[in-house]
Amino acid sequence: MYSVSKNKLFCFPCILFCTTNCAFVSGFDDGQHLNPRLPDHEIDLLYKQNCIKWKELEKRLLDDKPIDFEVQKMFKNEKEKWRYILKIIVDIMFCGRNNLALRGHSEKILDSKKRIFLDLIELISHYNPNLKEHLIALNEGKSKISYFSPTIQNEFIELMGKTVKTKILEIIEKSKYYAILFDSTPDFSHKEQLSQIIRYVQISNNEVTVEERFIDFIETKENTGTGLASDIVDKLQVDILNINNFRGQSFDNGTNMAGKIKGVQAKITKLNKLAFFIPCTAHSLNLVGVHAAETSPAMGIYAI
11 MYSVSKNKLF CFPCILFCTT NCAFVSGFDD GQHLNPRLPD HEIDLLYKQN CIKWKELEKR
71 LLDDKPIDFE VQKMFKNEKE KWRYILKIIV DIMFCGRNNL ALRGHSEKIL DSKKRIFLDL
131 IELISHYNPN LKEHLIALNE GKSKISYFSP TIQNEFIELM GKTVKTKILE IIEKSKYYAI
191 LFDSTPDFSH KEQLSQIIRY VQISNNEVTV EERFIDFIET KENTGTGLAS DIVDKLQVDI
251 LNINNFRGQS FDNGTNMAGK IKGVQAKITK LNKLAFFIPC TAHSLNLVGV HAAETSPAMG
311 IYAI
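In structure tokens:
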């Protein structure tokens, strides 16, 4: 066969099966001596053996019975087995829909302190022979691969989270206009993070509903109005949401969020004048209670 890109002749059977290097494996480009070399190669014993191997392989592949047929069958069965088990493990979705904690004090399938995820796996195994066989192999030490580890659980949760998030963002894009709600709070490790919620109008089957969806947690670099506004705008760009299409913004009444000059709402209003700011009513009510309590002398004395 001739390669246009390399401008050389190659022998297909020899490329597949030849264990030694020859001119027709690496490519033959001596056109002046092609006439004697090509007939010599065609009568070469090694070339004939490679042709026989090629035709035998072709026949086996057409018959779906290659030399390693049994090995391939074993690999295929093993692959199907793990795919089947992984489908069962998607019961993580059940835990997520019902706000159930997955992990307990133990990650062992037979431990009584294993909690809901592994409990569900064990329950399903009573009615599923393949899963039951897998659990027995784990218990007897015949298999070290379980696919039940916290790492696998987190991977499933992350994949499902990305799928749900993508679907929500598609709906928001279709709705076009939306409002943003962000709140800054320290997490367990005392790092400041923003919780992102999008409010939008969804029209389905001629029914109009106002939806609010949690999107993400964002770790913030600085807690100033400028820094938080930059983080919010960057996140909207990552989510491929048009900044010109949001019509409302809602934050708490902190100076860094609600400030008229350096607050987040002021920075974002400069980017989009139609993004009206609505302060958080719950935070406003809380501040009223705090200030009202501060007027009582007993508060300072007894911390009531």
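If you want this note's numbering, it's the position in the sequence shown, counting the first as 1, plus 10. Where a beta carbon is used, it is the ideal one built from N, C-alpha and C, also for glycine. Please read these numbers as outputs of a predicted model, since none were measured by experiment.
Grab the span of the alpha helix (DSSP H) containing residue i for me, first residue to last.
{"i": "P49", "result": "44-52"}
{"i": "D129", "result": "126-135"}
{"i": "N252", "result": "No alpha helix (DSSP H) contains N252, which DSSP labels as neither H nor E."}
{"i": "E232", "result": "Run containing E232: none; DSSP gives neither H nor E here."}
{"i": "T305", "result": "T305 -> no alpha helix (DSSP H), and no H or E assigned at all."}
{"i": "I62", "result": "55-72"}
{"i": "F34", "result": "33-36"}
{"i": "N266", "result": "265-268"}
I need the DSSP call for residue i, collapsed to helix, strand or coil.
{"i": "A285", "result": "coil"}
{"i": "I25", "result": "helix"}
{"i": "T219", "result": "strand"}
{"i": "Y12", "result": "strand"}
{"i": "R113", "result": "coil"}
{"i": "I98", "result": "helix"}
{"i": "D226", "result": "strand"}
{"i": "F20", "result": "coil"}
{"i": "I208", "result": "strand"}
{"i": "I146", "result": "helix"}
{"i": "S153", "result": "coil"}
{"i": "I278", "result": "helix"}
{"i": "I242", "result": "helix"}
Please report the distance separating the alpha-carbon of residue i from that of residue j.
{"i": "G106", "j": "E222", "result": "18 Å"}
{"i": "S240", "j": "Y210", "result": "22 Å"}
{"i": "K83", "j": "I62", "result": "25 Å"}
{"i": "L169", "j": "V100", "result": "11 Å"}
{"i": "L300", "j": "F261", "result": "The identity of residue 300 in the sequence shown is Val, whereas the question assumes Leu. Near 18 Å, if we compare the C-alpha coordinates of F261 and V300."}
{"i": "I213", "j": "G258", "result": "19 Å"}
{"i": "S13", "j": "D40", "result": "14 Å"}
{"i": "T161", "j": "T230", "result": "26 Å"}
{"i": "L327", "j": "K69", "result": "With the chain covering only 11 through 314, there is no way to say anything about residue 327."}
{"i": "N60", "j": "M11", "result": "15 Å"}
{"i": "A189", "j": "I178", "result": "14 Å"}
{"i": "K283", "j": "S306", "result": "42 Å"}
{"i": "V220", "j": "I208", "result": "11 Å"}
{"i": "Q247", "j": "S199", "result": "27 Å"}
{"i": "N164", "j": "G171", "result": "10 Å"}
{"i": "K280", "j": "F227", "result": "24 Å"}
{"i": "K270", "j": "C290", "result": "15 Å"}
{"i": "F34", "j": "N138", "result": "56 Å"}
{"i": "N252", "j": "V243", "result": "10 Å"}
{"i": "F192", "j": "T265", "result": "14 Å"}
{"i": "P196", "j": "A308", "result": "30 Å"}
{"i": "S194", "j": "L110", "result": "25 Å"}
{"i": "D249", "j": "H136", "result": "43 Å"}
{"i": "K184", "j": "E217", "result": "15 Å"}
{"i": "E304", "j": "V298", "result": "10 Å"}
{"i": "D50", "j": "L72", "result": "31 Å"}
{"i": "N140", "j": "K152", "result": "15 Å"}
{"i": "S156", "j": "I95", "result": "9 Å"}
{"i": "V81", "j": "E88", "result": "11 Å"}
{"i": "W92", "j": "K123", "result": "26 Å"}
{"i": "I98", "j": "S294", "result": "47 Å"}
What residue does the beta strand (DSSP E) around residue i start on, and which one ends it?
{"i": "G6", "result": "This structure does not reach residue 6, given that the chain is present from 11 up to 314, and the question cannot be answered."}
What is the C-beta distance between residue i and residue j, in whole angstroms, given that I count them as a contact (C-beta under 8 Å)?
{"i": "I131", "j": "F158", "result": "6 Å"}
{"i": "L112", "j": "R125", "result": "7 Å"}
{"i": "K272", "j": "T236", "result": "7 Å"}
{"i": "I102", "j": "K175", "result": "No, I102 and K175 are not in contact; Cβ-Cβ is about 16 Å, not under 8 Å."}
{"i": "W64", "j": "L26", "result": "6 Å"}
{"i": "Y187", "j": "N255", "result": "6 Å"}
{"i": "Q206", "j": "K245", "result": "6 Å"}
Ranges of the alpha helix (DSSP H) found wholly within the region 156-203, counting only runs of at least 4: Complete alpha helix (DSSP H) runs here, min 4: 160-185.
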